[in-house]
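Participant: The structure follows.
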Amino acid sequence: MSIQLISISHKTADLNIRSCFALDRETQIEYLKETISLGYIEECALLSTCNRLEVYLYGPDENQREIFSEAERVLLRRITFPAGIDGAEYLRFYEGEKAERHLFFVAAGLDSMVIGEDQILGQVKEAQQQARNAGTMGTFLDTCFRYAVTAAKKVKTETALSRTSVSTATIAVKAAREYLGDLKEKNVLLLGASGKIGNSIFKNLLSEGETHVYMTTRQHCHGGTGRRYLELPYGERYEWLDQMDVIISATSSPHYTMTLEKVKKALITEKRRVFVDLAVPPDIDKRVRELSNTGYYNMDDFARVADENNRKKEKEAAAAVDILEDYRVQFKKWMIFQKSFGAVQLMKEKICRQAENKGMDKAVSHFFFALKESLDPEQLEIFMEALKKVEGSYEEN
Numbered sequence: 001m002s003i004q005l006i007s008i009s010h011k012t013a014d015l016n017i018r019s020c021f022a023l024d025r026e027t028q029i030e031y032l033k034e035t036i037s038l039g040y041i042e043e044c045a046l047l048s049t050c051n052r053l054e055v056y057l058y059g060p061d062e063n064q065r066e067i068f069s070e071a072e073r074v075l076l077r078r079i080t081f082p083a084g085i086d087g088a089e090y091l092r093f094y095e096g097e098k099a100e101r102h103l104f105f106v107a108a109g110l111d112s113m114v115i116g117e118d119q120i121l122g123q124v125k126e127a128q129q130q131a132r133n134a135g136t137m138g139t140f141l142d143t144c145f146r147y148a149v150t151a152a153k154k155v156k157t158e159t160a161l162s163r164t165s166v167s168t169a170t171i172a173v174k175a176a177r178e179y180l181g182d183l184k185e186k187n188v189l190l191l192g193a194s195g196k197i198g199n200s201i202f203k204n205l206l207s208e209g210e211t212h213v214y215m216t217t218r219q220h221c222h223g224g225t226g227r228r229y230l231e232l233p234y235g236e237r238y239e240w241l242d243q244m245d246v247i248i249s250a251t252s253s254p255h256y257t258m259t260l261e262k263v264k265k266a267l268i269t270e271k272r273r274v275f276v277d278l279a280v281p282p283d284i285d286k287r288v289r290e291l292s293n294t295g296y297y298n299m300d301d302f303a304r305v306a307d308e309n310n311r312k313k314e315k316e317a318a319a320a321v322d323i324l325e326d327y328r329v330q331f332k333k334w335m336i337f338q339k340s341f342g343a344v345q346l347m348k349e350k351i352c353r354q355a356e357n358k359g360m361d362k363a364v365s366h367f368f369f370a371l372k373e374s375l376d377p378e379q380l381e382i383f384m385e386a387l388k389k390v391e392g393s394y395e396e397n
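Printed below as a string of structure tokens:
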């Protein structure tokens, strides 16, 4: 029995392909339940973010080929790809320690486009809770997620990996600033301010100084109107568009929040503008970049800025790896012992019964004799080396 993983991320696929794998919450839960219903997959969790979709599985090693094949089939059946695209080509498969290590790296932000970003840890915890609620999370996956989350928290407190303020939100604001030269006195339209990324962008925009923020939300979440921001009904977004210098969209809508045709109709004033799309699938029709004096950025365009940030964090990332590996090894030990718990309990009961009948000395001697007779020389040598380590740290009560 081992943990297995199917993954697609910003490292293996561009935005167009990742958009195909953006499953809504209902579809995610349906996938979890159908995957478990296959029979030989005992546990299943699904992590979905703007830059990745990952399926974590737990099942028998001897069924690994079937587990990967069936879990992949159930996943791809729910996705529609453009003509000529084979979605399976972009999937990566991991098992055992590689799958465990990958989850630990993801939780700590080491596998993110922006190394050390904070949002992913919350998303990992949400994936864990979603699988619990769906009834597809069992003891082994749940414990692996718990160790990964604990390790990630320690990375954040004991390294400087997350102490710099670089995130997807800050990169988005930086891209707009670089395109326009300055955000002072600029009007910014923010779509999706009630979401986590949108809320983070909102805070970053307010820290810019004299920037005027216009937010469209489907529910009032910032109190309506402030000195430097104004909430607008989502349905009026095009009516305000001509006044805007920056348009940032970060919603979970399955459809465009900004279409080329309506943007062209709404824009009257000739001036320099920039559209920033942080959604997967995209919120903004990328053809807006064809308009004069118009910039456009999406998630894939942020790689350059992210690479600069990531190079600065190489030293802290190395320290984080040591912490993560320590916790992963702890999990592995727990897993090995948990899977062998029944055998350990049975042996303990046998030794105790022999101790009652023949005395502890004879019971222990019989145990070691049975070991000597049952193990081959290499196994026996490994056991004896382990025994020496235990003896050195074992204290009698």
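Numbering (the UniProt record's numbering), first residue to last: 1 to 397.
Ideal Cβ placement from N, Cα and C applies to all residues, glycine included.
Under 7 Å Cβ to Cβ from residue 63, same chain only, skipping five residues before and after it: list those, please.
Facilitator: 40
Participant: Would you tell me roughly how many angstroms separate the C-alpha atoms of residue 182 and residue 210, rounded to the nearest one?
Facilitator: 10 Å
Participant: Measure from the alpha carbon of residue 371 to the alpha carbon of each residue in 387, 91, 356 and 359, then state which is nearest.
Facilitator: 387
Participant: Below 7 Å CB to CB, which residues in the same chain sit around residue 114 once its five sequence neighbours on both sides are set aside?
Facilitator: 166, 167, 168, 171, 306 and 309
Participant: Could you have a look at residue 146 and say whether DSSP puts it in helix, strand or coil?
Facilitator: helix
Participant: In whole angstroms, what separates the C-alpha of residue 229 from that of residue 337?
Facilitator: 56 Å
Participant: Figure out for me which residue from 381, 293 and 197 has the closest Cα to the Cα of residue 268.
Facilitator: 293
Participant: Drop a sphere of 10 angstroms on the beta-carbon of residue 295, count the other beta-carbons inside from all chains shown, and report buried for 16 or more, exposed for fewer.
Facilitator: buried
Participant: Please list, in chain order, all residues of the same chain as residue 127 whose beta carbon is under 7 Å from its beta carbon, the five residues on each side excluded.
Facilitator: Correct list, in chain order: 45, 46 and 47.
Participant: Mapping DSSP to helix, strand and coil, what is residue 24?
Facilitator: coil
Participant: What are the boundary residues of the alpha helix (DSSP H) that includes residue 199?
Facilitator: 196-206
Participant: Of the residues 253, 284, 233 and 254, which one's Cα is nearest the Cα of residue 246?
Facilitator: 284
Participant: Closer than 8 Å is the cut-off here; do at least three beta carbon pairs connect the region 312-319 with the region 184-197?
Facilitator: no
Participant: Could you check what DSSP says for residue 233 in three-state terms: helix, strand or coil?
Facilitator: strand
Participant: For a test of the three-state rule: what should DSSP assign to residue 368, helix, strand or coil?
Facilitator: helix
Participant: Please identify the residue among 264, 29, 373 and 16 whose C-alpha is closest to the C-alpha of residue 131.
Facilitator: 29
Participant: Find the nearest neighbour of residue 250 within the set 272, 134 and 282, judged by alpha-carbon distance.
Facilitator: Checked all of 272, 134 and 282; the closest Cα to residue 250 is 282.
Participant: Is the Cβ-Cβ distance between residue 53 and residue 21 less than 8 Å?
Facilitator: Yes, these two residues count as a Cβ contact at 8 Å.
Participant: For my contact list, residue 330 and residue 56 are in at a C-beta cut-off of 8 Å; report their separation, rounded to the angstrom.
Facilitator: In fact, because the Cβ distance is near 18 Å, the residues do not count as touching under 8 Å.
Participant: Compute the distance between the beta-carbons of residue 274 and residue 176, then report whether it is under 8 Å.
Facilitator: For residue 274 and residue 176, yes; Cβs fall inside 8 Å.
Participant: Does the count of Cβ pairs from the region 9-26 and the region 116-124 closer than 8 Å reach three?
Facilitator: no
Participant: Going by the DSSP bridge assignment, what does residue 187 pair with across the sheet?
Facilitator: 212
Participant: Quick one: what does DSSP say residue 81 is sitting in, helix, strand or coil?
Facilitator: coil
Participant: Give me the Cα-Cα distance between residue 223 and residue 85, rounded to the nearest whole angstrom.
Facilitator: Its pLDDT being 47, under 50, residue 223 is placed unreliably by the model, and the measurement read from it follows with that caveat. Answer to the nearest angstrom: the Cα atoms are 45 Å apart.
Participant: Residue 296: beta carbon under 7 Å from a heavy atom of the ligand GTP?
Facilitator: The ligand GTP is not part of this structure, which contains no ligands at all.
Participant: Which same chain residues, not among the five before or five after residue 262, have their C-beta less than 8 Å away from its C-beta?
Facilitator: 238
Participant: Kindly list the residues whose CB is nearer than 7 Å to the CB of residue 2, restricted to its own chain and excluding five residues on each side of it in sequence; keep chain order.
Facilitator: Within its own chain, the residues whose Cβ lies closer than 7 Å to the Cβ of residue 2, once the five positions on either side in sequence are excluded, are 61, 95 and 96, listed in chain order.
Participant: For residue 112, tell me which candidate among 385, 9 and 381 has the shortest Cα-Cα distance.
Facilitator: 9
Participant: With a 10 Å radius around its C-beta and 16 neighbouring C-beta atoms as the bar for buried, classify residue 225 as buried or exposed.
Facilitator: Model confidence at residue 225 stands at a pLDDT of 49, short of 50, so the residue's coordinates are unreliable; what they give is reported in the following sentence. It counts as exposed.
Participant: Over what stretch of residues does the alpha helix (DSSP H) that includes residue 69 continue unbroken?
Facilitator: 64-76
Participant: Among 266, 256 and 270, whose alpha-carbon lies nearest the alpha-carbon of residue 277?
Facilitator: With distances taken between Cα atoms, residue 277 lies closest to 256.
Participant: By the 10 Å Cβ neighbour count, where 16 or more other Cβ atoms means buried, how is residue 43 classified, buried or exposed?
Facilitator: buried
Participant: Indicate whether residue 68 and residue 6 have their beta-carbon atoms separated by less than 8 Å.
Facilitator: Taking 8 Å as the Cβ cut-off, residue 68 and residue 6 qualify as a contacting pair.
Participant: Exposed or buried, what is residue 122 when buried is set at 16 or more other beta-carbons lying within 10 Å of its beta-carbon?
Facilitator: exposed
Participant: Inspect the beta-carbon positions of residue 180 and residue 304 and report whether they are closer than 8 Å.
Facilitator: no
Participant: Taking only the alpha-carbon atoms, compute the straight-line gap between residue 349 and residue 368 and give it to the nearest angstrom.
Facilitator: Whole-angstrom Cα-Cα distance: 15 Å.
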